Each structure stands twice: as structure tokens, then as C-alpha cells.
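The opening position of the sequence shown corresponds to residue 17 in our numbering, with each subsequent residue numbered one higher.
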Amino acid sequence: MALTRPPLPPFTFKSALQKVKSAQSLWNTRDPTKISLAYTEDTLWRNRADFVKGREDVEKWLKRKWEREHWYILRKDLFAFTEHKIAVQFFYEWNEKPDASGQWYRTYGLEDWTFAPSGLMYKRMMSGNDLAIRAEERWFNYGPENLSKPEVEPDVENDKEAKERREKAVEAVDHVKIGDEHL
Numbered sequence: 017m018a019l020t021r022p023p024l025p026p027f028t029f030k031s032a033l034q035k036v037k038s039a040q041s042l043w044n045t046r047d048p049t050k051i052s053l054a055y056t057e058d059t060l061w062r063n064r065a066d067f068v069k070g071r072e073d074v075e076k077w078l079k080r081k082w083e084r085e086h087w088y089i090l091r092k093d094l095f096a097f098t099e100h101k102i103a104v105q106f107f108y109e110w111n112e113k114p115d116a117s118g119q120w121y122r123t124y125g126l127e128d129w130t131f132a133p134s135g136l137m138y139k140r141m142m143s144g145n146d147l148a149i150r151a152e153e154r155w156f157n158y159g160p161e162n163l164s165k166p167e168v169e170p171d172v173e174n175d176k177e178a179k180e181r182r183e184k185a186v187e188a189v190d191h192v193k194i195g196d197e198h199l
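Structural data, given as C-alpha cells:
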């Protein structure tokens, strides 16, 4: 039986937002095995300067990540989408020590996701930057269970002008031709 992970492409605004918030919830579990199942077996990743290929290596990479990033809480917001791609802006906070006595950081960045028809992510390209912060500057002093509602996304489905702008932008993108040499 083939593994699928709804919502499946082609994405709408609502399903793309659902996909982003599902990924946010999944990553906030900090469970490398569970998270790795959201990706195809032959997934391709770039995470900053790390290049990872395959679900098994994703799981190993995530284990190493959370050996050095403690008290991790992540927020992802929908940036843009097409039928099978989603762009995400994210930020997360973490501490360098397991007892939270070390330096706090906030990491900001963007991700570019490409999905297989199964809804599993085939490609993940991430760029991010770490900012050292003081404990009193933290945004997330509570758990990740409070992060599901988008803060900056307009209600595009119910805002006629925003919906028209989005539709025009999608039409314009349809006319852009990108060949394999650009990928």
C-alpha cells in the first residue's frame, strides 16, 4: 500500500495553509522518525549548507539537529503556493543546552517545498539565519500547541480583492516557462 499524506496536490489556498500548519505541528513533535514519513523515500533536501538525500538520512539529520537545538518551538506561515509547490516563511527558537541555561537563538528563514502526487514532500530547500537572543526576548514562552492559527495571512477565501489579486498572480505565473536548466 502506497503511503499518502493529505492534503494532496493540486493545492488551493486552504489546502496549502493546512499543509503548512500540519508540517508545523509535525516538526514541533521533534520526532525524527515520525517527521521523516512526511517525505518521499528519495527526498532531496538542502538545509543551509547540508545536503540530504533519502528518508533514512533525513531521520539521521533530524536526530543530530535536536541533539544541539533544545527547547525547540517552530512556527511556519504560508508564503506562496502553486499546484504542487509551497513556499514557507518560518521562525523557531531554541537553546544550546538541554537545561535551557545556554544561549537562546531565534532562527528565521524560507523553505521551498515540492510535493509528489502522494502528498509526500519530494524536495525541501531551506535557507535560514540564527539570531542570538536573550531569554526575555523569547516569543515562545509556552508550548507549540498555541501556534496553529496564522497571524499574518489575510482571509483570502473571503476577501474578494485579495482573491482577485491572487488569481491574477497565478495567471501571470502560468505564462512563465522554466526549463530543466533552471532547476
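Even glycine gets a Cβ: it sits at the ideal position worked out from N, Cα and C. Model, not experiment: these values are computed from the prediction.
For residue i, the three-state DSSP class (helix, strand or coil)
i    : result
K139 : strand
F156 : coil
E83  : helix
A103 : strand
D73  : helix
F29  : helix
A96  : strand
Buried or exposed by the 16-neighbour rule on C-beta atoms within 10 Å, applied to residue i
i    : result
W120 : buried
Y108 : buried
A148 : exposed
K35  : buried
G118 : exposed
W43  : buried
Presumed contact (8 Å Cβ cut-off) between residue i and residue j, rounded CB distance
i    : j    : result
W82  : D66  : Contact doesn't hold; Cβ gap of about 14 Å is too wide.
A132 : T56  : 5 Å
K92  : W129 : In fact, because the Cβ distance is near 10 Å, the residues do not count as touching under 8 Å.
V74  : S41  : Actually they do not touch by this definition, with Cβ atoms about 17 Å apart.
G125 : F106 : 6 Å
Opposing strand residues paired with residue i [DSSP bridges]
i    : result
W120 : N111 and I149
N63  : D66 and M142
W12  : For the chain, the structure presents residues 17 to 199; residue 12 sits outside this window and is missing.
Exercise for the section: Pair every Cβ in the stretch 83-102 with every Cβ in the stretch 66-75, then say whether three or more of these pairs are closer than 8 Å. Expected result: no
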